[in-house]
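These notes concern the structure reproduced below.
Protein chains in written order, with the working numbering: chain A, -4 to 367; chain B, 27 to 360; chain C, 3 to 159.
Encoded structure:
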């Protein structure tokens, strides 16, 4: 800012962005203090969709809490259920049959692709481009159809059980998934031509909304946000779980830390997830999909444990404290969006309103996941 | 006797033209808005409106009825007079611009010598209307949009006028009829290909088209509406037909802009191959341009506000200046 | 920083269990099996030392993952659990502190980890734990006039 501008009388005003606003993708309010169109302060106000899932986890049995997990991050519901069942399995010492582990990874990665596709479309809407949303929804629809056939749900999946999955996949699913992988791979060049190479898109993303790796660490931002800041942190690699260590996949990392980097990370992750699904399908073993002798009413031994999975938005963690009864004594759900949003206030300072909304878009927020 | 007869006939003619132009503007708004839903539906692998009438052709009627039945809400604290005046101030100039457009050799409300100038004077008013509407709304989003619309339109008026000045230097007239008449014959006689006047003529057309998009606040320059940032920008507080008038004005402005581009650069009513000149050629060219406007909107994301201003001040204006100088030099040499 | 180096550092600030006839007094710093517990180091510090623990974690370039409360009604105590993870190592450290239920107060770590701001506000919402020195300890997820703390075990729900 020049010296003249500093000495001029400056007046700021407060703008309440939300709780109902097209760019917030849900009931999120951001209290903006604006100087013209420049942001002086942006304070996210959350909790509009708060349902106290953690208390619900304490007053019902472990199995009865399963459907709740799909209702937090409803765009990528598989991961929440995955984190939760793994945490309880770790506490109760249940081993999952190999086929079930494969199916879990296949369905979770398909869910990641669906989530990223939805994000790409929604992000372009944030930037004022409408058409890509319809294309990504078209592809996402095919994933939902596939998952519907095995899980019975299209959005709030509740597919995993303690000790496995509730339904085996069939040949139709395998054939359909292979077809879909080929289809989406052939569509990726189209997306890059339509979006990545678009000059306006590049102008709106390159160099916009930089987030430093240090800020990611201090605020606990994970997932594509930290990978867009040049840190190759992926729970699937850092703390390998399920069958991920046996699969060959890369963690896309871009160092610029801007909106473009976060966009490219997600686009590359779609491709990597397809690779994971393909490998898992190739090596899919036979056998049961549920562990034997999982008691109907689970009573894990006293103690606590932590489990986190790489959700489509970052590290989703579950801390279960058990007092030896059939209900959890304490259930902490660490949602990635919560931490990712918390850095918005610091990173958006001094930005223009339109750019800040691009930054907000690349954080990939699902509001019920923040509010829980 | 003869004088009063002439006077009456003139009055009838005038009334017919006024009604005709308003009807033309409204009809275009209605069916361009349907195109705005059908064309992207075709881009986006969906149907678009198809329930009302065959192929959804009566959808605009249903939309109009809906808008008319809505209550006109005026926000507490807003400037009621300006708030209600703004939609009128936006739509009137757009329709008035149509008065000087020569649709064919014989069809045109007024053939005045300063037609081009009249259009630019009128089209400047709608900016004021939008700005006042946003300001009078007593809404922060609308105020931001009002500030944006002024900056945007000032920035884009300049390259637009520079291109027009160069064109007027070549054609030596402000009369739109004459400008079209000069382009008689096949398409290489059109101003867009008048390379002997300035080799940058096709570029001048692109500058004109870009500025026209920005002037009519169309995506990717729809800063005043920018629904992912400013909800509905300057129109946030408008409901019912107040909003409807802004809507009609947007399409009327597109029609005026595309008509003007047709007249100035694409040979107006002349056939590209020198055959059968007439209204139909004008309409074809105009609607192809309108299609392009819709096409652009549904293909591109929105620009940033400063990106928009940078494009004008750092790129389009210097380019338009180069074009102007080149035209002057070429004219002097010829 | 390897886990055993962290272990010695934490040993200086951790709570010591009183010596029993069988075992000598020892700091509560336990290495745990990641596969069984999900974390590699379990540290219990006095409530006023959580900032010191945060500083150790910050120096070791750990990321703050979450701050949680646990209501131990029977012992009339709140346990505050800090989850840290090392981005580079994939290692995880749990720092615990206990405060009495009657006066649940402990210092904030939001000056070391700004991300702790929201986590501490959340713990304040749910348990009524007061983080002294916190810049704005107002409800985050609960309504702004909420005077209840739903995750306390004596909260009727």
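All residues carry an ideal CB built from backbone N, CA and C; glycine is no exception.
From this set, the options, which residue's C-alpha is nearest residue i's C-alpha?
i, options, result
"residue 40 (chain B)", "B:149, B:359, B:136", "B:136"
"residue 51 (chain C)", "C:125, C:134, C:148, C:124", "C:134"
"residue 292 (chain B)", "B:348, B:234, B:141, B:332", "B:234"
"residue 213 (chain A)", "C:132, C:86, C:143, C:131", "C:86"
"residue 321 (chain B)", "B:68, B:47, B:44", "B:68"
"residue 100 (chain B)", "B:50, B:221, B:65, B:262", "B:262"
"residue 138 (chain B)", "B:236, B:204, B:97", "B:204"
"residue 143 (chain C)", "A:344, A:123, A:22, A:172", "A:22"
"residue 228 (chain A)", "A:238, A:236, A:235, A:217", "A:217"
"residue 256 (chain B)", "B:201, B:168, B:310, B:198", "B:168"
"residue 354 (chain B)", "B:162, B:224, B:187, B:337", "B:224"
"residue 71 (chain B)", "A:348, A:97, A:351, A:131", "A:131"
"residue 95 (chain A)", "A:242, A:133, A:128, A:156", "A:156"
"residue 58 (chain C)", "C:30, C:13, C:17", "C:13"
"residue 93 (chain B)", "B:356, B:296, B:270, B:343", "B:270"
"residue 122 (chain B)", "B:162, B:48, B:79, B:132", "B:48"
Tell me which residue opens and which closes the beta strand (DSSP E) that residue i is part of.
i, result
"residue 326 (chain A)", "323 to 329"
"residue 40 (chain A)", "33 to 40"
"residue 74 (chain C)", "64 to 74"
"residue 70 (chain B)", "Here residue 70 (chain B) belongs to no beta strand (DSSP E), and DSSP marks it neither H nor E."
"residue 81 (chain C)", "79 to 88"
"residue 415 (chain A)", "The structure shown has nothing for residue 415 (chain A), since chain A only spans -4 to 367."
"residue 24 (chain A)", "24 to 30"
"residue 103 (chain C)", "Where residue 103 (chain C) is concerned, there is no enclosing beta strand (DSSP E), given that its DSSP letter is neither H nor E."
"residue 314 (chain A)", "309 to 317"
From what residue to what residue does the alpha helix (DSSP H) around residue i run?
i, result
"residue 359 (chain A)", "Segment: none, residue 359 (chain A) is in no alpha helix (DSSP H) and carries neither H nor E."
"residue 169 (chain A)", "166 to 186"
"residue 230 (chain A)", "230 to 233"
"residue 182 (chain B)", "166 to 197"
"residue 277 (chain B)", "266 to 291"
"residue 233 (chain B)", "227 to 241"
"residue 93 (chain B)", "85 to 95"
"residue 225 (chain A)", "From DSSP, residue 225 (chain A) is part of no alpha helix (DSSP H); its letter is neither H nor E."
Less than 8 angstroms between C-beta atoms, sequence neighbours within five positions excluded: which residues of the same chain meet that for residue i?
i, result
"residue 340 (chain A)", "36, 37, 38, 39"
"residue -4 (chain A)", "Note on residue -4 (chain A): pLDDT 46, under 50, position unreliable in the model; the coordinate value appears next. Cβ within range, chain order: n/a, list empty."
Would you say the beta carbon of residue i is closer than 7 angstroms to some non-hydrogen atom of the ligand MN?
i, result
"residue 339 (chain B)", "For the structure depicted, the ligand MN is absent and the ligand set is empty, with no information on it obtainable."
Does residue i get closer than 8 angstroms to chain C when you measure Cβ to Cβ?
i, result
"residue 220 (chain A)", "no"
"residue 302 (chain A)", "yes"
"residue 271 (chain A)", "no"
"residue 85 (chain A)", "yes"
"residue 47 (chain A)", "yes"
8 angstroms is my cut-off, CB to CB: does residue i come that close to chain B?
i, result
"residue 124 (chain A)", "yes"
"residue 165 (chain A)", "no"
"residue 354 (chain A)", "no"
"residue 253 (chain A)", "no"
"residue 198 (chain A)", "yes"
Please list, in chain order, the chain E residues whose beta carbon lies closer than 7 angstroms to that of residue i.
i, result
"residue 350 (chain A)", "Among the protein chains in the structure shown, which are A, B and C, there is no chain E."
So, at 6 angstroms on beta carbons, what are the nonlocal neighbours of residue i in its own chain, with the 5 sequence-adjacent residues on each side left out?
i, result
"residue 268 (chain A)", "104, 107, 108"
"residue 368 (chain A)", "Nothing in the structure corresponds to residue 368 (chain A), since chain A is present only between -4 and 367."
"residue 15 (chain C)", "47, 51, 54"
"residue 129 (chain B)", "305, 308"
Can you confirm whether residue i, when its beta carbon is compared against all beta carbons of chain A, has any partner nearer than 8 angstroms?
i, result
"residue 46 (chain C)", "no"
"residue 164 (chain C)", "With chain C represented from 3 up to 159, any question about residue 164 (chain C) goes unanswered, as that position is not in the structure."
"residue 32 (chain C)", "no"
"residue 113 (chain C)", "no"
"residue 246 (chain B)", "yes"
"residue 85 (chain C)", "yes"
"residue 172 (chain B)", "no"
For the structure I just gave you, are there three or more beta carbon pairs, one from the region 275 to 291 of chain A and one from the region 67 to 80 of chain A, closer than 8 angstroms? no
Closer than 8 angstroms is the cut-off here; do at least three beta carbon pairs connect the region 258 to 271 of chain B with the region 351 to 359 of chain A? A contact is defined here as three or more CB-CB pairs under 8 angstroms, and the region 258 to 271 of chain B fails this definition with respect to the region 351 to 359 of chain A.
Do the region 314 to 332 of chain B and the region 153 to 165 of chain B meet, that is, are 3 or more Cβ pairs less than 8 angstroms apart? With the cut-off at 8 angstroms, the region 314 to 332 of chain B and the region 153 to 165 of chain B do not touch.
Across the region 270 to 277 of chain B and the region 293 to 306 of chain B, are there enough close Cβ pairs to call them in contact, namely three or more that are closer than 8 angstroms? no
Specify whether the region 160 to 168 of chain A and the region 230 to 249 of chain A touch according to this definition: at least 3 beta carbon pairs, one from each stretch, less than 8 angstroms apart. A contact is defined here as three or more CB-CB pairs under 8 angstroms, and the region 160 to 168 of chain A fails this definition with respect to the region 230 to 249 of chain A.
Determine, using beta-carbon pairs with one atom in the region 184 to 199 of chain A and one in the region 211 to 229 of chain A, whether at least three such pairs fall under 8 angstroms. no
Across the region 255 to 271 of chain A and the region 232 to 247 of chain A, are there enough close Cβ pairs to call them in contact, namely three or more that are closer than 8 angstroms? yes
When you compare the region 80 to 93 of chain B with the region 51 to 62 of chain B, are there three or more beta-carbon pairs, one atom per stretch, that lie closer than 8 angstroms? yes
Quick test of the definition: if touching needs 3 or more C-beta pairs under 8 angstroms, does the region 121 to 137 of chain A touch the region 319 to 337 of chain A? Taking a contact to require three or more Cβ pairs closer than 8 angstroms, the region 121 to 137 of chain A and the region 319 to 337 of chain A do not qualify as touching.
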